[in-house]
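Engineer: Here the sequence shown is numbered in my numbering, starting from 137 and rising by one per residue.
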Amino acid sequence: MDKLDGKSLDLAKTNVEALKQLFPEVVTEGKIDFEKLKVVLGEEIETHKEKYEFTWHGKTQSLKMAQTPSTGTLRPDKETSKNWDKTENLYIEGDNLEVLKLLQKSYFGKVKMIYIDPPYNTGNDFVYEDDFQDNIKNYKTLTEQTKKSNTESNGRYHTDWLNMIYPRLRIAKNLLRDDGVIFISIDDNEVSNMKKICDEIFGDDNFIAQVVWQRAYAPVNLKKYFSASHDYILVYSKVVNSFEMNKLPRSEKQNQDYKNIDNDPRGPWKAGNPSVGPANEKNIYEITLPSGRKVFPPKGRSWLYSKEKYSELVKDNRIYFGKTGDSVWAPKMFLSEVSQGVTPMTLWSYQEVGHSQDATKELKKLFDDNSFFDYPKPVSLMKRLVHLGTNKDGNEIILDFFSGSATSGHAVMEKNNEDGGNRRFILVQLPENLDEKSEAFKAGYKNLCDIGKERIRRAGDKIVDEVGRKDLDIGFKVFKLDSSNIKLWDPNLGNLEEGMLEQLENIKGDRTKEDLLYEILLKIGIPLTTQIEEVNFNGKIIYNIAFGSVLLCLENEIDLDTVNEMIKLKPEDFETKVIFKESGFLNDSVKTNAIQTLKKNGINDVRSV
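(1) Got a sec, what are the start and stop residues for the beta strand (DSSP E) L210 sits in?
(2) Rounded C-beta distance between L652 and N621? I'm assuming under 8 Å.
(3) At a threshold of 8 Å, does E554 count as lining the ligand NAD (C-beta to nearest heavy atom)?
(4) Assess, as a yes-or-no matter, whether the segment 159-170 is touched by the segment 246-258 under the definition of 3 or more beta carbon pairs within less than 8 Å.
(5) Can you tell me whether H193 is helix, strand or coil according to DSSP?
(6) Helix, strand or coil: how does DSSP classify F561 here?
(7) Taking Cβ to Cβ, would you say P426 is nearer than 9 Å to P410?
(8) Based on Cα-Cα distance, which residue from S447, K435, V412 lies nearest to T424?
(9) What does P467 pair with, by DSSP beta-bridge criteria?
(10) Cα separation between I703 and N552?
(11) Is DSSP giving T164 helix, strand or coil here?
(12) For D741, which residues does DSSP report across the bridge?
(13) Do you know how far the Cα of T665 is from the Cα of N299?
(14) DSSP puts G477 in a beta bridge; with which residues?
(15) List the endpoints of the continuous beta strand (DSSP E) containing G756.
(16) How far does the alpha helix (DSSP H) with A364 in it reach, from first residue to last?
(17) Could you give the DSSP three-state label for L617: helix, strand or coil?
(18) Look at the alpha carbon of L449 and the alpha carbon of Q476, and state the distance between them as a whole number of angstroms.
(19) Which value, in whole angstroms, describes the spacing of the CA atoms of Q639 and L658?
(20) Determine the closest residue to A407 out of Y353, V464, A354, with distance taken between C-alpha atoms.
(21) How many Å lie between K359 and K276 at the Cα?
(22) What residue from F338, G316, D555 has the CA that sits closest to L535's CA?
(23) Where are the beta strand (DSSP E) runs, 3 residues long or more, that stay fully inside the segment 197-256, in chain order?
(24) Using the three-state DSSP reduction, which class does T150 fall into: helix, strand or coil?
(25) Do the segment 186-196 and the segment 214-228 meet, that is, are 3 or more Cβ pairs less than 8 Å apart?
(26) Where V742 and I318 are concerned, what is the direct C-alpha to C-alpha distance, given to the nearest angstrom?
(27) Verify whether the separation of the beta carbon atoms of T204 and L238 is less than 9 Å.
(28) Where does M750 land, buried or exposed, given buried means 16+ other C-beta within 10 angstroms?
(29) What are the boundary residues of the alpha helix (DSSP H) that includes L298?
(30) Please report how far the alpha carbon of G635 lies from the alpha carbon of T543, in whole angstroms.
(31) Using CA coordinates, which residue listed in I168, D555, K468 is at the minimum distance from W405?
(32) Tell me which residue opens and which closes the beta strand (DSSP E) that L535 is part of.
(33) Start and end of the alpha helix (DSSP H) containing Y679?
(34) From this set, E488, K497, Y293, which residue's C-alpha is nearest S387's C-alpha?
(35) DSSP beta-bridge partners for V431?
(36) Quick one: what does DSSP say S485 is sitting in, helix, strand or coil?
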């Protein structure tokens with residue numbers, strides 16, 4: 137019976153395995169022989185010392201941070217969740233670096249769209265202080281503090297910010313589907329550095345656009361030189377040849393010129409230009425109008441169509457000559473045949489997608505005239521991004537790992553309500569403590585997550601109350617980052633490869649079976665919203681996960697009757713994984729017989745924790 141690997145996905149090991157598949161000759165005893173790799177790649181290797189490279193102090197350590205597996209877990213919090221039993225949305229409290237690592241196995245290549253609005257490094261922004269040795273312990277210390285600023289006077293102004301964002305983006309890329317896209321909000325302080333990082337991580341071939349969003353419509357006269365009125369949104373695909381972005385819907389203004397003045401059964405149309413320039417000699421010919429008047433194209437131009445094509449269009453009533461038949465002909469351009477979408481431009485005005493004050497007003501409507509956030513994003517902006525990057529069908533996942541005021545979750549619910557979609561969101565936010573003097577703290581909110589969760593609750597209820605749609609998913613499952621449920625899990629002792637525990641006593645006393653259940657799901661790569669049925673057999677709980685894909689029993693004194701009951705839950709059409717607690721059987725004889733019984737019934741993947 138194999139022991140579960142008690143850690144998050146080892147990215148370095150995964151990369152080695154990928155190279156091994158491509159070039160097996162360069163891997164020796166699990167290590168890469170870079171000299172052999174250079175020979176295999178030939179001229180594609182860059183050997184010049186003077187080459188373009190974006191680097192900074194601490195970059196190598198940041199890469200190590202990204203590659204170091206997490207020893208934490210995500211503990212379920214049903215009390216602050218909403219519609220736990222039926223929702224497919226997630227709200228995760230914790231340091232996003234550790235959370236992203238923990239999501240690797242379960243959500244690798246499953247996210248359609250990522251949106252982040254990271255700290256802009258304005259001097260007042262919170263900067264995450266990662267710890268290579270024990271980032272979980274560091275996280276707990278961090279969340280006991282109030283907001284810490286990254287000021288220019290600390291001498292590592294840009295470096296600290298780069299070391300924060302770099303490992304998070306590297307890990308986040310793994311979660312994107314090949315047809316996925318990431319949108320990143322940023323301002324002038326770090327946009328140049330952010331683009332360099334994204335070019336490195338995602339590849340400059342996958343750069344889609346740098347959108348300018350007009351976030352303000354009035355100047356701030358206190359500014360010395362210029363009053364900034366815009367932010368940027370960087371757009372990168374995972375694999376550009378796989379990514380297809382949706383077009384924006386046509387507006388009423390864009391359609392207002394389409395009329396049906398001749399009652400054409402094909403519907404509204406507008407007159408097109410009959411001539412083009414420069415002239416094509418083949419398309420210069422005389423046309424006789426219904427009135428008898430003869431016309432030629434203007435000087436230097438030719439008709440839009442050839443003589444033959446023009447005759448076909450006349451027969452098909454696709455040419456308009458005016459009410460009297462004496463007007464210069466015009467092709468009828470039918471609205472029904474026009475592309476029903478508009479390619480977005482890279483300048484987005486506040487009239488189109490809202491501005492910062494709109495976002496503040498949205499929060500005030502939900503929180504009794506309190507906004508609690510200084511610079512939230514408007515829901516209309518987020519809905520445009522969701523529209524461009526996702527489709528309404530297919531249960532597509534939107535991830536926001538700097539979720540702040542939870543605008544992205546609000547926008548996903550509104551978009552699903554508008555187009556009948558079934559998108560899901562995963563929001564991740566550090567539970568940053570609020571200043572006790574702040575209005576939010578006085579209103580009863582202790583940290584940013586308290587506000588974000590309440591925003592989603594109120595926004596969801598408001599949508600349902602206004603439209604009456606009862607099938608809309610307005611819930612969310614809350615998980616909180618914590619140390620592993622296992623006592624003796626210490627990365628400094630070199631025991632990660634030994635599994636999660638040897639004895640029952642290794643499970644921490646304040647942890648529940650559900651805590652351990654969800655830790656196991658993360659370790660074996662099962663999404664956190666997967667269907668779980670609790671089967672009670674003789675007082676022992678069997679977890680039937682994903683309709684029999686995984687059968688899990690964490691009870692003590694397991695006997696063969698319990699094992700046989702688990703076998704009954706095995707579906708016929710696909711393989712089942714069975715997991716027990718290492719010390720959970722009545723005795724070693726029962727354990728041995730249980731494994732043999734499972735194998736006789738076609739269950740060969742049996743593991744322990």
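Ideal Cβ positions, reconstructed from N, Cα and C, are used throughout, including at glycine.
Structural biologist: With the given structure in hand:
(1) As a working mapping, residue 210 is identified with position 74 in the sequence shown. Looking at the DSSP string, the run of the beta strand (DSSP E) that includes L210 is 208-212.
(2) As a working note, residue 652 is residue 516 in the sequence shown. As a working note, residue 621 is residue 485 in the sequence shown. Contact flag correct, Cβ pair sits at about 5 Å.
(3) In the structure on display, the ligand NAD does not appear, and there are no ligands present to speak of.
(4) no
(5) The sequence position of residue 193 within the sequence shown is 57, counting from 1. Three-state result, H193: coil.
(6) For this step, residue 561 is matched to residue 425 along the sequence shown. In this structure, F561 counts as strand in the three-state DSSP scheme.
(7) The residue labelled residue 426 in the question sits at position 290 within the sequence shown. The residue labelled residue 410 in the question sits at position 274 within the sequence shown. No, the Cβ-Cβ distance between P426 and P410 is not below 9 Å.
(8) Indexing the sequence shown from 1 puts residue 424 at position 288. Cα-wise, what sits closest to T424 is S447.
(9) Translated into positions along the sequence shown, residue 467 becomes position 331. The partner list for P467 (beta bridge, DSSP) reads I455.
(10) For the purposes of this step, residue 703 is taken as the residue at position 567 of the sequence shown. For the purposes of this step, residue 552 is taken as the residue at position 416 of the sequence shown. So the two alpha carbons sit approximately 40 Å from each other.
(11) One-based indexing of the sequence shown puts residue 164 at position 28. Strand.
(12) Here residue 741 refers to the residue found at position 605 when the sequence shown is read from its first residue. Bridge partners of D741: K713.
(13) Along the sequence shown, read from residue 1 onward, the residue named residue 299 stands at position 163. Along the sequence shown, read from residue 1 onward, the residue named residue 665 stands at position 529. So the two alpha carbons sit approximately 32 Å from each other.
(14) Mapped onto the sequence shown, residue 477 falls at position 341. Answer by DSSP bridge pairing, in chain order: P385.
(15) An answer regarding residue 756 cannot be provided, because it is not within the stretch 137 to 745 covered by the chain.
(16) Along the sequence shown, one-based indexing puts residue 364 at 228. Neither: A364 is in no alpha helix (DSSP H) and is coded neither H nor E.
(17) Within the sequence shown, numbered from 1, the residue matching residue 617 stands at position 481. The answer is strand: DSSP assigns L617 an E or B state.
(18) On the sequence shown, position 313 is the one that residue 449 refers to. On the sequence shown, position 340 is the one that residue 476 refers to. Cα-Cα distance, rounded: 23 Å.
(19) By one-based count along the sequence shown, residue 639 stands at place 503. By one-based count along the sequence shown, residue 658 stands at place 522. Here the model assigns Q639 a pLDDT of 44, short of 50, so the residue's position is not dependable and the matter cannot be decided.
(20) Translated into the one-based positions of the sequence shown, residue 407 becomes position 271. For A407, the nearest C-alpha among the options comes from V464.
(21) Start at 1 with the first residue of the sequence shown, and residue 359 comes out as number 223. Start at 1 with the first residue of the sequence shown, and residue 276 comes out as number 140. Rounded to the nearest angstrom, the two C-alpha atoms are 39 Å apart.
(22) In the sequence shown, residue 535 corresponds to position 399, counting from 1. Of the listed residues, the one whose Cα sits closest to L535 is G316.
(23) 208-212, 226-229, 247-252
(24) Here residue 150 corresponds to residue number 14 of the sequence shown, with the count starting at 1. Here T150 sits in helix by DSSP.
(25) no
(26) Mapped onto the sequence shown, residue 742 falls at position 606. Mapped onto the sequence shown, residue 318 falls at position 182. Near 38 Å, if we compare the C-alpha coordinates of I318 and V742.
(27) Here residue 204 refers to the residue found at position 68 of the sequence shown. Here residue 238 refers to the residue found at position 102 of the sequence shown. The answer is no: Cβ separation not under 9 Å.
(28) Nothing can be reported for residue 750, as the shown portion of the chain is limited to 137 through 745.
(29) Against the sequence shown, residue 298 aligns to sequence position 162. Segment 293-311, the alpha helix (DSSP H) holding L298.
(30) Locating residue 635 in the sequence shown gives position 499, where the first residue counts as 1. Locating residue 543 in the sequence shown gives position 407, where the first residue counts as 1. Residue confidence is low: G635 scores 47 on pLDDT, short of 50, so the model does not pin down where it sits. No coordinate-derived value is stated.
(31) Within the sequence shown, numbered from 1, the residue matching residue 405 stands at position 269. Nearest C-alpha to W405: K468.
(32) Sequence index remark: in the sequence shown, residue 535 carries index 399 (1-based). First-last of the beta strand (DSSP E) with L535: 533-536.
(33) As a working mapping, residue 679 is identified with position 543 in the sequence shown. No alpha helix (DSSP H) contains Y679, which is instead part of the beta strand (DSSP E) from 676-681.
(34) For the purposes of this step, residue 387 is taken as residue 251 along the sequence shown, with counting starting at 1. Ranking the options by Cα distance to S387, first place goes to E488.
(35) For this step, residue 431 is matched to residue 295 along the sequence shown. Its beta-bridge partners are I423.
(36) Stepping through the sequence shown from its first residue, residue 485 is reached at position 349. Coil.
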